[in-house]
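Q: Protein chains in written order, with this note's numbering: chain B, 16 to 520; chain Z, 438 to 745; chain X, 801 to 1120; chain H, 3 to 357.
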Amino acid sequence: MSVPLVRLRGIERWFGRVRALAGASLELHAGEVHGVIGSNGAGKSTLLNVLGGLLAPDGGTIEIAGAPTAIGSPRDAWSHGIGLVHQHFTLVPALTVRENLALGLRGRSFQEIDQIVDVTIEQTGLWVPLDAPVRSIGVGDRQRTEILKTLLRDPKLLVLDEPTAVLTPEEVDGLFTLLRTLAREGKAVALVAHKLDEVLAVSDRLTVLRTGETVLSAQRSDVSVRGLVAAMVGDGVADEIAVGVYRKDRPGSSGGAHGNPKGDETTAGVADAAPLVGRVVDVHDDALVDVTLEVHAGEVLGVAGVEGNGQHELALVLSGRRAPIAGQAHVPEEVAFIPQDRQREGLVVDFDLTENVALALSRLDRFGTGALMPWEDLEKEAERIRTRFDVAAPSTETLAGALSGGNQQRVIIGRELALGAPMLVAENPTRGLDVAAAAYVHGELTRLASEGLAIVLISTDLDEVLGLADRVVVMTRGRAVDVPESERSREGVGALMLSGGAEAT
Amino acid sequence: MSQVELVLFLESAVRLGIPLALAAMGETLTERSGVINIGLEGSIIAGALGGALGALAFEGAGLGIIAGAMAGLFVALIFAVFAISLGADQIITGTAVTIGGLGMTGAIYQAQFGATGTELSLPTLAPVAIPGLSEIPIVGTAFFAQAPTAYLAYVMAPIAWYVIFRTAWGLELRATGEAPAAAEAAGVRVRRVRFVATLFGGAMAGIAGAHLALAHAGTFAENMSAGKGFIAIAVVVLGRWNPVLVLFAALFFGAASALQFFLQALGFDIAYQIFLALPYVLTLAALAGWVGTSRAPAALALPWEPHR
Amino acid sequence: GEDMDEPSSALRAALLTSGPVSDAGWYAGAYDGLLLIEDSMDASVSHQQTATPAEYDEAFIAYASAGYDIIFAHGNEYQDAAIRAGEQFPDVRIIVSGGGRVSENVVPLIFRLEEGTYLAGMAAAYMTESRIVGMVGGVAIPPAEGAFRAFEAGVRAVDPGIEVLEAFTGDWDDVAAAKEATVAQLSRGADVIIHNLDAASFAVFQAVREVVDDGRVAYAIGMNGDQNAVAPDVILGSAVIRIPEAFLSTARRWQAEGVGGAPIYVNTEQDVIDFVFNPELIDRVPAEAIERVAVTKSAIREGEVDLPRVIVVEGEVEGR
Amino acid sequence: MSGGIAPARAREVALLGFGAVALTLGAGGLLLLAGGYDPGAAGAAMLRGSVGSWNTFVSITLVRSVPLLFAGLAVALAFRAGVWNIGAEGQLYAGAIAGVWVALTFDGFPTLILIPAMLAMSCVAGAAWALIPTLMRLRLGIGEVITTILMNFVGIYTAAWMVHGPLQEERGIFPQTDRIVEAARLPSFIPGTRLHLGFALGLVIAIGLAVLFRRTRFGFQIRAVGASPEAAAVAGRIEPSRVIFITFLASGAIAGLAGAVEVSGLTYALYENLSEGWGYTAIAVALLAGLRPGGVVVTAIFFGSLRAGAGAMQRDAGIPSAWVDVVEALVILGVLGLERVRAARIVTDIREGDS
Ligand SMILES: Nc1ncnc2c1ncn2[C@@H]1O[C@H](COP(=O)(O)OP(=O)(O)OP(=O)(O)O)[C@@H](O)[C@H]1O
Ligand SMILES: Nc1ncnc2c1ncn2[C@@H]1O[C@H](COP(=O)(O)OP(=O)(O)OP(=O)(O)O)[C@@H](O)[C@H]1O
Ligand SMILES: [Mg+2]
Ligand SMILES: [Mg+2]
């Protein structure tokens, strides 16, 4: 085979006492899409960041077109034609999309840049609101901006770290078509994603990382799903459980038009009879128009919709975090909440795990009501969550900011579930989780609903909503539209999402 | 106020506002890069002494201004080495640089002119009236019969605005001040941008100091910067990190200060300390009435370490 | 004070100031006085600049316990700390310039500056054409107040109808403020300006010079030192305090007869306070004015002029 | 200060830090030599005047550190909540005015009533001085950095006005207040020294704040709001504006105490130049301490010893005040350099200790 465009060998990287990479390797060829997979915390982002010049490796070699090379900074990476789209956004919130795109395209006039931007958007179909400040746009637009920003520089190697997590299925399809086109044009593409079906659909070759090591690297045609999962999870034998979990609970993958994991016993009628837990009536807010909703004990209310149609505002109102401008919101005093932006609203990145657990749990009566913080108890609780949710952190004293994206999410979920609230509002709860973890969360949601918790599942992942929800509403332009039983399919909901809720009541 | 008095008042306002405008304009760029230079006071006083010594050595106020800029830049260089290269806390570094700047200028002045000082008479930077503009009624002489450094401030405001908001470097500057990690990922050399912006701010503060010595007072005295570095930092905020607004904010502060002397000269029988507090109270009031405030650069005062 | 082990026979003198001695004025005069004592009396000397009241006690204690004989504390702000230190160290003598409190070993040294500014006021009254004169000060401390009140009285003694403007900048060193305060008075029509500033005084002369260059007739009056040579083109004369001489004579007196228990006054009588016309401009001064100033000076020396005096020292009736 | 240096850069920073320390020391020595002074004598005087003897240390250095201790704690408290209170200077003056007013007005009361009343009133005044910036931030969204700076100037001139006007000493001559009565003066803390009880009070507040941050719910809320107001609000259901309101005023109150304690413990009267920018130095004190109350005690004493040593350099080594300021600045820069070396060392140690 030809000399790989990029070859990483024996890459090591430490963070304090954490060994994030323990001799990982990766070969990327021109003309190929290369899927990089692994559990949360396996070291995928770290490896790609080494490639992108953001992190210096502590050991190992990097070869570019066969020549040993040191990548000392993002600029260096660029000079070698390596373009990296990060897992966590690296956009400047205060600048407009256009300005973010122009940043780094040095030596060109703004007119020229505008031209290149227009052409590239036309070619790639990555539509973005060019003149909006990044601060004001949704995560989908941000993701597209990131990708566009990287493509503008015409990289030889395009590296994408979990770009699909925040895109709609249609957008994912579009992106994959684009990646295939780029590969056909002779570029090398590396892609991290947690949804195996997505990765398998687009990749020519796959690499699996586990605890910082490359455990498998093979052609797409040579591997099976089972083999990949086994490599990721790492039980020498083919891990039936993992594959089983993946198959059974992966919503939408069971193929049913409206797959309902709870089978026939849960019907809309039963849900109506169950006690009402939360209710919003005629709510108006910044991005909400006359929303009326009810949530009952024991049901999962799915809220589908394209990012930025008022879901986040609805989540804030339903979780009691915000009083609506008009209308009434009757919600329980305590509502568990898994917010959209985990690094901003879910966690304090400069706090350790105990402190992040304490952030929510210390207001519970079981942690006392006095003026003092019961640190010992909270510490124990944090430890419990760390073990129970398999958070990859050396101890509860690890700073949340040092966790991998998926592990941050685990901490939040663990904490919020520990609140023991009668209602849970979750926004994209499995975004960024690996297969096993996502399956675990889905299982938890189902179990909790069956135990009587009222759950509002807000997700841009239609499969997730359709797979888990008892009832579905679609958010479009601030309105909530009920999805009738008959329309509960990808096509039906998709149509409602686009119709703009004209017939909403 | 009669018309003559109004003119005199405006002249005074512009004279008092110009050094603030010069220093604040530089600091605007510095802060846009995410660096707050509390050591500005040190650069101003260094600029005043540098300007004085330069004007004496080269026998000309114009070269004195350049010497002042150099002196201000040198002080900012010390600040930058610690606060940017070393990643030390900006506020502490700035505090040290201010103390050191005030001390060092005093020491040099005493070494040069004797322990008990001299009443230094410096070549002055005379006002230049701009034909035409200076004849505009009321505001003409106030704005257009000033020292050349005033015109520098007028010209710098739109240029700085253009650089910040309309050039590639300005884009890098703003990105650096808002989200250094993102800027670095996009290939911006964050620490270099910060260095350049900080040195520029120091040079402008140096010019402000040289203006005080050469265009305003015609002398140098220890501690003559009298807290203008801190006021300039407040002016930057009042001007919302926008060089054009900063110019107006500086002139506003100059006007508030001029008012204090005017009211005293008019013989108002009020404790003078109340007049002295006036500019600050007026600025507070202006801020409160200044609807829709803007934010500071998000990474202001945060040291930046490349993620490596 | 490097030589701590020097035999105790030599005089050891210390000076405290709350501003830099490089001001070519009030503090510079005190520092020159210290050096004069060093030279003339073969004394060993030391100086400390203090910034806050917290440092006053500390400095007194440090000097007293290091064996200094006499401490010149150059400003009324030291008076309370001086009394405290005096009680703790009975052997030391503390001279407080402009101080208001007396004890056995704490002695106020009162500069009768008003005798000089009264004369300056008279001169100003003769020179003003607009019949408006101005006073620009730093901080309104008693010597400044006293000097200004006497200047006013001097002006009025010649012409009660003359308007006298007053401004304080709040800062002895802020040259920009001093300049603008002067400009404001000049633009109100004042044409003779006296100052009471330190380092910032030059800005007053500069402002006057600028209107003179514009064709107006205006004068400045110097203060503290003889500033006539500083801006010979605009300074009409200077109200002078000869601080070094006052310090030296005080130190001599301490050595000869001891000081204590009573304030020391220095004034025109000892030639410590004076008003001197600027020889460069004296031909512009009407003979009558020169004559009147000279006559009044001797009358003041004789104690025949009723000057507005700020009674500084506690319990003082009317001292000189 | 920022702890987040990555290992690869740690060595570079450590080297730079050592370079900075060497450079500042060398520069200090050379500058003094060039100015015609003896660097050895200067250093010796500095040490002798700050830590030369137990009595020097207690009576001068610790006494000097008291206002920095209070103001530093005030700043640390505010900064922990993400409140950039640059206004300790003005709040200090407000506290001093209020304290001295109580002492002069209620001069017949016994110590046990008078001193607590003075201190309480100074807290109220300091908090009141912080109230305008607080409301401007919470109601109008105006950043507190500029408003607190402006309030400093207003505070300084208000104190100046007080001692020339309403609170001027009885005879109306000197710009100061009358001396406060014995009953209003803080007793000595360590007998035989000049150290007054204000220092002990400062220590108590430091311990109180340490307990607050470590152990209490409200302290935790302060830290959460300071670290991330969004997460505090959404995940913690904390009302950031409430926490900010209380913390800002409490910070003002502690800064106010700095003024009253200085008057009641040391100067016994209010003067115009009571503080030489302690409110600003306090920011350096708090930041150098990493915003930790315990650390503030140490750094306040460090800055106190710098100022104490500065006085001795003038008196004993004959070095003029301006030069002393240069040395002081260099020492601060040197300490910053060392601090960076330490931070870098921690990063490398962790790695090398474990691999
Ligand atoms: N800045 C950091 N400081 C400390 N530890 C870190 C840091 N970044 C990553 N780590 C640790 O390194 C390991 C690998 O993290 P990395 O982000 O590469 O995982 P990942 O495979 O991308 O996971 P995910 O799928 O959750 O994004 C994790 O254990 C993580 O906690
Ligand atoms: N049991 C605990 N579990 C988790 N975090 C804790 C616990 N106890 C204390 N902490 C945290 O330890 C840190 C110490 O708090 P802080 O920095 O205020 O200490 P300090 O009192 O200032 O320290 P010092 O006295 O050394 O200056 C805080 O982050 C606090 O939340
Ligand atoms: Mg990752
Ligand atoms: Mg992830």
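Built from N, CA and C at the ideal position, the CB exists for glycine as well.
Thinking C-alpha only, which one of H:P69, H:L32, H:L272 is nearest E877 (chain X)?
A: Here the closest residue by C-alpha is H:L272.
Q: Any heavy atom of ligand 3 inside 8 Å of the beta-carbon of V426 (chain B)?
A: Checking the Cβ of V426 (chain B) against ligand 3 gives no.
Q: Select from the segment 310–333 of chain H all residues with a C-beta closer than 9 Å to any C-beta belonging to chain A, and list them in chain order.
A: The question asks about chain A, but that chain is absent: this structure's protein chains are B, Z, X and H.
Q: Can you have a look at I893 (chain X) and say buried or exposed, based on whether 16 or more other CB atoms are within 10 angstroms of its CB?
A: The sequence given here has Arg at residue 893 (chain X), not Ile. That one is buried.
Q: Can you list the residues near ligand 1, meaning Cβ strictly closer than 5 Å to any non-hydrogen atom, in the order they appear in the chain?
A: Any residue whose Cβ sits closer than 5 Å to a heavy atom of ligand 1 makes the list: B:F30, B:V33, B:A35, B:N55, B:G56, B:A57, B:G58, B:K59, B:S60, B:T61, B:A407, B:A417, B:L418, B:S419, B:G420, B:G421.
Q: Determine the DSSP secondary structure at P853 (chain X), reduced to helix, strand or coil.
A: Of the three classes helix, strand and coil, the one that applies to P853 (chain X) here is helix, per DSSP.
Q: Considering only heavy atoms of ligand 3, does any lie closer than 8 Å to the CB of V154 (chain B)?
A: It does not: the Cβ of V154 (chain B) is nowhere closer than 8 Å to a heavy atom of ligand 3.
Q: If you compare alpha carbons, which of B:L374, B:L331, B:R399, B:Q343 is closest to P354 (chain B)?
A: The option with the nearest alpha carbon to P354 (chain B) is B:L331.
Q: At 4 residues or longer, what runs of the alpha helix (DSSP H) sit wholly inside the segment 979–1029 of chain X?
A: Correct list: 1001–1013.
Q: Between the alpha carbons of V1059 (chain X) and Y831 (chain X), how many angstroms are there, rounded?
A: Looking at the two C-alpha atoms, the distance is approximately 21 Å.
Q: Per DSSP, which one or two residues make a beta bridge with G1 (chain H)?
A: Only positions 3 to 357 of chain H appear in the structure, and residue 1 (chain H) is not among them; the question remains open.
Q: Quick one: does the C-beta of V174 (chain B) sit closer than 8 Å to a heavy atom of ligand 3?
A: No; taking the cut-off as 8 Å, the Cβ of V174 (chain B) has no heavy atom of ligand 3 nearer than that.
Q: Is it right to say R486 (chain B) is buried, meaning 16 or more other beta carbons lie within 10 angstroms of its own, or is it exposed?
A: Classification of R486 (chain B): buried, given that the 10 Å Cβ count is 16 or more.
Q: Answer yes or no: the CB of Q423 (chain B) versus the heavy atoms of ligand 3, is any distance below 8 Å?
A: No; taking the cut-off as 8 Å, the Cβ of Q423 (chain B) has no heavy atom of ligand 3 nearer than that.
Q: Report the residue from H:R309, H:V104, H:A90, H:G128 whose alpha carbon sits nearest the alpha carbon of P118 (chain H).
A: The shortest Cα separation from P118 (chain H) among H:R309, H:V104, H:A90, H:G128 belongs to H:V104.
Q: Determine the chain B residues that contact T218 (chain H) at a beta-carbon separation under 8 Å, and present them in chain order.
A: A386, L387, M388, listed in chain order.
Q: Give me the Cα-Cα distance between L11 (chain B) and Q358 (chain B), rounded to the nearest whole angstrom.
A: Only positions 16 to 520 of chain B appear in this structure, which leaves residue 11 (chain B) out of reach.
Q: If you drop the 5 nearest sequence neighbours on each side, which residues of the same chain put their C-beta closer than 6 Å to that of G691 (chain Z)?
A: Within the same chain, G691 (chain Z) has close Cβ partners A450, L453, G454.
Q: Is it the case that the CB of Q102 (chain B) approaches a heavy atom of ligand 3 more closely than 8 Å?
A: Yes, the beta carbon of Q102 (chain B) sits closer than 8 Å to at least one heavy atom of ligand 3.
Q: Please report whether the beta-carbon of N876 (chain X) lies at a distance below 9 Å from any beta-carbon of chain H.
A: It does; some Cβ of chain H falls within 9 Å.
Q: Put A161 (chain H) into one of helix, strand or coil per three-state DSSP.
A: Correct three-state label for A161 (chain H): helix.
Q: Could you give the first and the last residue of the continuous alpha helix (DSSP H) run that contains I162 (chain B)?
A: Taken as a continuous stretch (DSSP letters only), the alpha helix (DSSP H) holding I162 (chain B) covers 154–166.
Q: So does V364 (chain B) have its beta carbon nearer than 8 Å to some heavy atom of ligand 3?
A: No, the beta carbon of V364 (chain B) sits no closer than 8 Å to any heavy atom of ligand 3.
Q: So which of X:E963, X:V1012, X:D1033, X:Q888 has the shortest CA-CA distance to E858 (chain X)?
A: The residue with the shortest Cα to Cα distance from E858 (chain X) is X:Q888.
Q: Should V1017 (chain X) and A967 (chain X) be called a contact, given that it needs their Cβ atoms to be closer than 9 Å?
A: Not closer than 9 Å, so no.
Q: Using a cut-off of 9 Å between C-beta atoms, extract the partners of T524 (chain B) located in chain Z.
A: Nothing can be reported for residue 524 (chain B), as the shown portion of chain B is limited to 16 through 520.
Q: Relative to chain Z, which residues along the segment 91–107 of chain H have a C-beta separation below 8 Å, given in chain order?
A: Answer in chain order: no residues at all.
Q: Helix or strand or just coil, what does DSSP make of W741 (chain Z)?
A: Three-state DSSP puts W741 (chain Z) in coil, outside helix and strand.
Q: Report yes or no: is there a C-beta of chain H within less than 9 Å of the C-beta of P908 (chain X)?
A: Answer no: the Cβ-Cβ gap between P908 (chain X) and chain H never drops below 9 Å.
Q: Using the Cα positions of N1067 (chain X) and F1047 (chain X), report the straight-line distance between them to the nearest angstrom.
A: Straight-line Cα distance between these residues: approximately 13 Å.
Q: Kindly list, in the order they appear in chain H, the residues whose Cβ is closer than 8 Å to that of G361 (chain B).
A: Under the 8 Å cutoff, chain H gives A233, V236, A237.
Q: Can you find a heavy atom of ligand 3 that lies under 8 Å from the Cβ of E177 (chain B)?
A: Within the cutoff, so yes.
Q: Where DSSP assigns a beta bridge to F911 (chain X), which residues make up the other side?
A: Paired residues: X:V1066.
Q: V252 (chain B) CB to nearest chain Z CB: under 9 Å?
A: Confidence at V252 (chain B) is low in this model, with a pLDDT of 39, below 50, so the placement of that residue is unreliable and no value is reported for it.
Q: Name the residue from B:L66, B:D449, B:V508 whose alpha carbon lies nearest to the alpha carbon of R90 (chain B).
A: Nearest of B:L66, B:D449, B:V508 to R90 (chain B), Cα basis: B:L66.
Q: Is V207 (chain B) near ligand 3 - that is, is its Cβ less than 8 Å away from at least one heavy atom of it?
A: It does: the Cβ of V207 (chain B) is within 8 Å (strictly closer) of some heavy atom of ligand 3.
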